[in-house]
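Numbering (the numbering used here), first residue to last: 1 to 330. What follows is a single structure, written as structure tokens, with notes after it.
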Amino acid sequence: MSKIEVAKGERKKFNLNVARLYDFTEMNIPVEVICGKKEGPRLFISAAIHGDEINGVEIIKRLLNHKALKNICGTLYAVPIVNVFGYNNKSRYLPDRRDLNRHFPGSQNGSLAGQLAYTFMSEIVKHCTHGIDLHTGAIHRSNLPQIRADLDDAETNKLAHAFNVPVMINSKLPDGSLREAARALKIPMLLFEGGEALRHDEHVIRSGLNGILTLMDEIGMISFKGKKAEDEKLFIALSSTWVRAPQSGSLRQLKHIGHRVQKDQILGYISDPFGSQKVAIKASCTGIIIGAVTMPLLNKGDAVFHIASFDNSKDVKEQVDDFLDEKIGP
Ligand SMILES: [Zn+2]
Numbered sequence: 001m002s003k004i005e006v007a008k009g010e011r012k013k014f015n016l017n018v019a020r021l022y023d024f025t026e027m028n029i030p031v032e033v034i035c036g037k038k039e040g041p042r043l044f045i046s047a048a049i050h051g052d053e054i055n056g057v058e059i060i061k062r063l064l065n066h067k068a069l070k071n072i073c074g075t076l077y078a079v080p081i082v083n084v085f086g087y088n089n090k091s092r093y094l095p096d097r098r099d100l101n102r103h104f105p106g107s108q109n110g111s112l113a114g115q116l117a118y119t120f121m122s123e124i125v126k127h128c129t130h131g132i133d134l135h136t137g138a139i140h141r142s143n144l145p146q147i148r149a150d151l152d153d154a155e156t157n158k159l160a161h162a163f164n165v166p167v168m169i170n171s172k173l174p175d176g177s178l179r180e181a182a183r184a185l186k187i188p189m190l191l192f193e194g195g196e197a198l199r200h201d202e203h204v205i206r207s208g209l210n211g212i213l214t215l216m217d218e219i220g221m222i223s224f225k226g227k228k229a230e231d232e233k234l235f236i237a238l239s240s241t242w243v244r245a246p247q248s249g250s251l252r253q254l255k256h257i258g259h260r261v262q263k264d265q266i267l268g269y270i271s272d273p274f275g276s277q278k279v280a281i282k283a284s285c286t287g288i289i290i291g292a293v294t295m296p297l298l299n300k301g302d303a304v305f306h307i308a309s310f311d312n313s314k315d316v317k318e319q320v321d322d323f324l325d326e327k328i329g330p
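What follows is the structure in structure tokens.
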């Protein structure tokens, strides 16, 4: 039996109990459920599966206070902090360095990560028809707002276009991710990535909030007349690759997120503290920089720039520029 019971027209908060920690305090997932008076889609929106990725927590906070939610069809399950342990420790992980997004669908008697994944799946995800999971770049790395999803699935593709950010990545499903577990249940879901860990980025927060609201409008949950881009202005990357540091040292960065680069173009220089042993870091392909380090101290092999390639990166660049310049929302 589900612990979550909400009547039509009701709005309720729950604390889903997951496990008892070794100090005997209980670990709970906080959830708010809004059940409309009319039937409709059942959408979950989750954040902080990686506990230090906090833009999504702020997005959900603003969403829950948005006037468009006054009259909804269907049910919204808002889960601002899935990995409560990581969030309290400002960490991506769970106590034993486990990555929660590699432990789905989880199990009732598994590790703490497995139990957390199991509770989230059985109490929330299983009851939903759609989902959105909010992420940021890892620590010291920032991402251009982007959607990652299984774009070969027609319904997921529709959701991705409705979210309205210019760059979409048709990404393979890593083993044990929430997306893989949702796909096994045939629940279409998106992953939104934007900004960096442990930071609030206003543009990312506004574009994430706008994307959720335009998606909810598209699937008939709310009426929201926000900013919508035409489909021709949204682009699916052909592929994406990380360019790694060719040597250890500190980075002088020449190219940044949103820049268009040509294959073999110099993106920056990595050098020793005297600036004498200087090595260029070059683009591995032509495309748009969709992720980059924010911290310039590098070891050889560290991922430095994430480049996505497109059929026509010039068009993408124009849209990305407009998107980054645009003031979204009030
Ligand atoms: Zn993440």
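Heads up, the beta-carbon is just placed ideally off N, CA and C, and yes, glycines get one too.
Beta-carbon contacts of residue i that lie in its chain and below 7 Å, excluding the five residues immediately before and after
i: K233; result: P166, Q319
i: H256; result: I289, A292
i: D231; result: H161
i: Q262; result: A283, T286
i: A308; result: V167, I169, A237, S240, G287, I288, I290
i: K228; result: N164, T214
i: L178; result: I49, N101, F104, D133
i: S91; result: G51, D52
Own chain, CB closer than 8 Å to residue i, minus 5 neighbours either side, in chain order
i: I81; result: I29, P30, A47, A48, G51, V57, Y87
i: S313; result: R260, T286, G287, I288
i: V304; result: W242, V243, R244, A245, L251, L267, G268, I281, A292, V293, L298
i: L63; result: I45, L69, A78, L209, I212, L213
Other residues of its chain near residue i: CB distance less than 6 Å, five sequence neighbours each side excluded
i: N324; result: The residue asked about is misnamed: residue 324 is Leu in this sequence, not Asn. Here the set comprises G258.
i: G110; result: none
beta-carbon residue i near ligand 2 non-hydrogen atom, thresh 6 Å
i: A19; result: Looking at this structure, you won't find ligand 2 anywhere; what it does contain is ligand 1.
**Request:** Would you be able to state if there are at least three C-beta pairs under 8 Å between the stretch 56 to 65 and the stretch 96 to 116?
**Result:** By the Cβ test, the stretch 96 to 116 is not in contact with the stretch 56 to 65, since fewer than three Cβ pairs between them sit closer than 8 Å.
**Request:** Just jot down, in chain order, the residues whose CB lies closer than 6 Å to any heavy atom of ligand 1.
**Result:** Result: H50, E53, H135.
**Asked** Contact between the stretch 273 to 282 and the stretch 209 to 226: three or more CB pairs below 8 Å?
**Response** Too few Cβ pairs lie closer than 8 Å, so no.
**Request:** Could you say if the stretch 285 to 305 and the stretch 124 to 140 meet the contact criterion of at least three C-beta pairs nearer than 8 Å?
**Result:** Touching, yes, given that three or more Cβ pairs across the two stretches are closer than 8 Å.
**Asked** Are the stretch 252 to 269 and the stretch 186 to 203 touching, with three or more C-beta to C-beta distances below 8 Å?
**Response** Contact between the stretch 252 to 269 and the stretch 186 to 203 is absent, because fewer than three Cβ pairs lie under 8 Å.
**Request:** Tell me, please, whether the stretch 166 to 182 touches the stretch 19 to 39 by the rule of three or more beta-carbon pairs shorter than 8 Å.
**Result:** Note that the stretch 166 to 182 does not touch the stretch 19 to 39; fewer than 3 beta-carbon pairs, one per stretch, sit closer than 8 Å.
**Request:** Only counting runs of 3 or more residues, tell me where the beta strand (DSSP E) segments fall wholly within the stretch 67 to 132, in order along the chain.
**Result:** Taking only runs of at least 3 residues, the beta strand (DSSP E) segments lying wholly in the stretch 67 to 132 are 73 to 79.
**Asked** Is the number of C-beta pairs between the stretch 215 to 223 and the stretch 68 to 78 that are closer than 8 Å three or more?
**Response** Yes, the stretch 215 to 223 touches the stretch 68 to 78.
**Prompt:** What runs of the beta strand (DSSP E), each 3 residues or longer, lie entirely inside the stretch 175 to 211?
**Reply:** At a cut-off of 3 residues, the continuous stretches assigned as beta strand (DSSP E) that sit fully inside the stretch 175 to 211 are 189 to 196.
**Request:** Pair every Cβ in the stretch 118 to 134 with every Cβ in the stretch 175 to 193, then say whether three or more of these pairs are closer than 8 Å.
**Result:** Taking 8 Å as the limit for Cβ pairs, the verdict is that the stretch 175 to 193 does touch the stretch 118 to 134.
**Prompt:** Residue ranges of each beta strand (DSSP E) run of no fewer than 3 residues wholly in the stretch 234 to 292, ordered along the chain?
**Reply:** Runs of the beta strand (DSSP E) inside the stretch 234 to 292: 235 to 237, 239 to 244, 249 to 253, 266 to 271, 279 to 282.
**Prompt:** Where in the stretch 151 to 175 do unbroken runs of the beta strand (DSSP E), each at least 3 residues long, occur, reported from the N-terminal end onward?
**Reply:** Counting only runs of 3+ residues, the beta strand (DSSP E) found wholly inside the stretch 151 to 175 occupies 167 to 170, in chain order.
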